[in-house]
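S.K.: Residue numbers (UniProt numbering), protein chains in the order written: chain A, 1 to 213; chain B, 1 to 213; chain C, 1 to 213; chain D, 1 to 213.
Where is the CB? At the ideal position from N, CA and C, for every residue including glycine.
Once you've had a glance at the structure underneath, I'll fire off some questions.
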DNA sequence: GATGAATGAGTTTTCATTCAT
DNA sequence: TATGAATGAAAACTCATTCAT
């Protein structure tokens, strides 16, 4: 008779019907969350959009918070998958290529439904999930940091930890802003180029013209 | 008998006492907003903290939305003031200095109560104030762009408009993240250095080692 | 085609397995009812503890009310059995013995799971089962009254009907209170003695010292 | 900014209107509680019967539980007042009179809205107010015990503490049962007589005919 | 102007009950 | 027959807003 946390799915779906219901609910929640924000997302709305009764929603998610948490986990997994895959470089690429890969990897990661990511992070913080949020972002940081350490000889010497923070948050800030304020930029190949340049200039050894500061 | 918009202050405070009341309310709202987030900020709480009755609050702000809007305007003004002042460069600074100034100016701007800024932006979006949000950020962009155009000959040629977007959003992303996840970084002088490096590498002419892409 | 009442078991268990299931359900219901109280007893909980599915529970009991009713009947039978047996006096006991037997008999009756008894009575009232409750308690009264009438010549003359009410309810009140507030009293042999004294003083012919009222 | 318990009135009514509202709510709650029982008493029902909005109810009672608690306090006070007043014996009454006074005092106490008393006790237990319930009943016990100790020389020697428990619970049991099952008995003067006899026989020195057990 | 009591629509959540598999 | 996923009415409670004093 283990005590169940309120933020944990009430039960695992065993049958196909269940799984479909759970998926529909999560999908609906993601949609409405992005469209309305957390507080304006009502459980009734989610259930309705998912095409299930409010009772069914609560059968699988014991609270609104649990629903968000589940969505969070799914998003975390997707983002990490994308990021990790992007940074699985093989061969011996040029330094430039390495840096561009970092930029592109982080960018791709944060571009996985950035609006949802943003809402989840912001709500996660309010829901007392600071630790979870931190660990989430830190997992991305870890992937990036590992990658950078591997090529550190080619990179400008610096505090890798701080650099990783700067890189990931800078790119995240750009991606999120683009998602919200300038969605058309996602179509613009130059955005990726600019991110590449931003990272190159930051990570590569100092150029002669800058050394004279 | 023009219909008054619901999002506009009901009346201008004419007397000193009124102004003091309005200020107290805005101050209280800012505090609670940062501490609790928008939805957990109740008008009653704000009135209480401001030391006025709920009725008085509604005398000055016809709705919660109007209160947020007013706070938004105040924040906009403060941020712009800081940004503009920081970018009032005189003399003929070195290119490096120019770039560092941009970085520092934007950083200072976004460091004006970054948590509040963030909540306001995020709520502004929900409240259908997208235009206002855009124009807010664009006013900062304008200051930055103007500054950059002035020194464009010394900077790496690029789409200035896009570059401005990238710069402001990157720095904003870093500042916001630091405010939430790593507040201790605000004490770390290296953070400003890193932002300077990030901007230098991005804005300065391509270094030899990078030209060979 | 008589309409089946909603408060009556849907079907009689014909097979052994059915009977076992029904028993398990009733046992579970009794346990949870005592532990949590009526409103905090959910049918799902009962089914779980009984080790059957919620569907099965409803196969045997068409409603929560029917379940309570069935439990009620079982409790009635048990209480009456205990009471009747206790009052099956043989031989020609002394007057004192008779009175003590009454006290002990009633006490034993109400001590059969007193918490459950209490919940059932209280819920029976809410469920509009006033008649059933009345008839239940009256059956105990009947046993007691019959017994008393049999020895009435030795008892102080009085309205037997009223006396029976007083006796049964007084003892019930004490037993219930002990069950809830002072469970340790059940171990204390003096409690039974006190009940005996209470009944002796009440039922025996008036003593000299009292006649002078 | 002291933390307020959830079971405590949210604020003290300062104005007349407020006091009237609070009274109306408590009155309505008492009525519905007696008629329907705790769980079938909805806050909306109470508000409706009190002629106020649901919001007003929650302005004064932060939870359903707080409402019940407030009612409880009021009932406690009334019952104790009645009991204490009844046992303020002056002069030097006969032993019989003393005992009858005890009986009558306890009876009167438990006859103050006995249905409400019963519901409150039973709900108090569920609400984790066991301590409060205990202390309530113990305050009545205290009044009774004090009274008895005062006349103990005239009473049959026994464990006063246990005797007090037996007396109060016996009478409570009878009164409650009468209130529920036989309300007409309240009109019957013989009921009081019977309670007196019950107590006399229990508390007075053992009569000769009983000593020979 | 200032106050704070009153309002009630709207939110999360529970749980008895049904019925397709 | 047994199962447990699905249902939805109904309950407790919140909070922006109004308005009599």
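(1) For residue 145 of chain A, which residues of its own chain have a beta-carbon under 8 Å away from its beta-carbon, when the five flanking residues on both sides are left out?
(2) Find the nearest neighbour of residue 105 of chain C within the set C:69, C:122, C:175, judged by alpha-carbon distance.
(3) Might you give, ordered along the chain, the residues of its own chain that have their beta carbon closer than 8 Å to the beta carbon of residue 130 of chain D, omitting 5 neighbours on each side?
(4) Measure the alpha-carbon distance for residue 47 of chain A versus residue 107 of chain C and round it to whole angstroms.
(5) Is there a Cβ of chain B sitting closer than 8 Å to that of residue 200 of chain A, yes or no?
(6) So residue 82 of chain B and residue 147 of chain B are in contact, right, with Cβ under 8 Å, and what is the actual spacing, rounded?
(7) For residue 134 of chain A, would you say it is in contact with chain B, using Cβ-to-Cβ distances shorter than 8 Å as the test?
(8) Between which two residues does the alpha helix (DSSP H) harbouring residue 59 of chain A extend?
(9) Are the Cβ atoms of residue 169 of chain C and residue 196 of chain D separated by less than 8 Å?
(10) For chain C, is any of its Cβ atoms less than 8 Å away from the one on residue 166 of chain D?
(11) Which one of D:113, D:94, D:97 has the shortest CA to CA distance from residue 71 of chain D?
(12) Does residue 87 of chain C come out as helix, strand or coil in the three-state DSSP assignment?
(13) Looking only at its chain, what residues have a beta carbon closer than 6 Å to the beta carbon of residue 41 of chain A, apart from the 5 residues adjacent to it on each side?
(14) Do we get a CB-CB distance below 8 Å when we pair residue 25 of chain C with the residues of chain D?
(15) Where does residue 111 of chain D fall in DSSP's three states?
(16) Go ahead and label residue 94 of chain C buried or exposed: buried means 16 or more other beta carbons lie within 10 angstroms of its beta carbon, across all protein chains shown.
(17) Does DSSP put residue 188 of chain A in a helix, in a strand, or in coil?
(18) According to DSSP, is residue 183 of chain D part of a helix, a strand, or is it coil?
(19) Quick one: which unbroken alpha helix (DSSP H) runs of 4-plus residues sit fully inside the segment 125-150 of chain B? Chain order, please.
(20) Could you give the first and the last residue of the continuous alpha helix (DSSP H) run that contains residue 17 of chain C?
(21) Does the beta carbon of residue 153 of chain C sit closer than 8 Å to a beta carbon anywhere in chain D?
(22) Compare the beta carbon distance of residue 119 of chain C and residue 37 of chain C with 8 Å and say whether it is the shorter of the two.
(23) Would you call residue 177 of chain A buried or exposed, if buried means 16 or more other Cβ atoms sit within 10 Å of its Cβ?
(24) Do you know how far the Cα of residue 67 of chain C is from the Cα of residue 110 of chain C?
(25) Classify residue 159 of chain A as helix, strand or coil using the three-state DSSP reduction.
(26) Below 9 Å on C-beta distance, what does residue 40 of chain A contact in chain B?
(27) Is there at least one Cβ from chain C nearer than 8 Å to residue 182 of chain D's Cβ?
(28) Buried or exposed for residue 150 of chain A, please, with buried defined as at least 16 other CB atoms from any protein chain shown within 10 angstroms of its CB.
(29) At least one CB of chain D closer than 8 Å to the CB of residue 172 of chain C: is that the case?
(30) Checking 8 Å against the spacing of the C-beta atoms, do residue 22 of chain B and residue 194 of chain A come in under that value?
(31) Work out the CA separation of residue 198 of chain B and residue 152 of chain B for me, nearest whole Å.
(32) Using CA atoms only, rank isn't needed, just tell me which of C:139, C:190, C:99 is closest to residue 75 of chain C.
(33) Under 8 Å between the Cβ atoms of residue 201 of chain A and residue 202 of chain B?
(34) Compare the C-beta of residue 71 of chain B with all C-beta atoms of chain A and state if any pair is closer than 8 Å.
M.R.: In brief:
(1) 160, 161, 164
(2) C:175
(3) 124
(4) 55 Å
(5) Yes - at least one Cβ of chain B is within 8 Å of the one on residue 200 of chain A.
(6) Going by Cβ atoms, the distance from residue 82 of chain B to residue 147 of chain B rounds to 14 Å, so no, they are not a contact pair.
(7) Closer than 8 Å: yes.
(8) Start and end: 54-60.
(9) no
(10) It does: the Cβ of residue 166 of chain D has a partner Cβ on chain C nearer than 8 Å.
(11) When each option's Cα is compared against that of residue 71 of chain D, the closest is D:113.
(12) coil
(13) Around residue 41 of chain A: 32, 33.
(14) no
(15) coil
(16) exposed
(17) In this structure, residue 188 of chain A counts as coil in the three-state DSSP scheme.
(18) helix
(19) 130-150
(20) 16-36
(21) False, the Cβ-Cβ gap to chain D never drops below 8 Å.
(22) yes
(23) buried
(24) 22 Å
(25) coil
(26) 39, 126
(27) At least one chain C Cβ lies under 8 Å of residue 182 of chain D.
(28) exposed
(29) yes
(30) no
(31) 18 Å
(32) C:139
(33) yes
(34) Not an interface residue.
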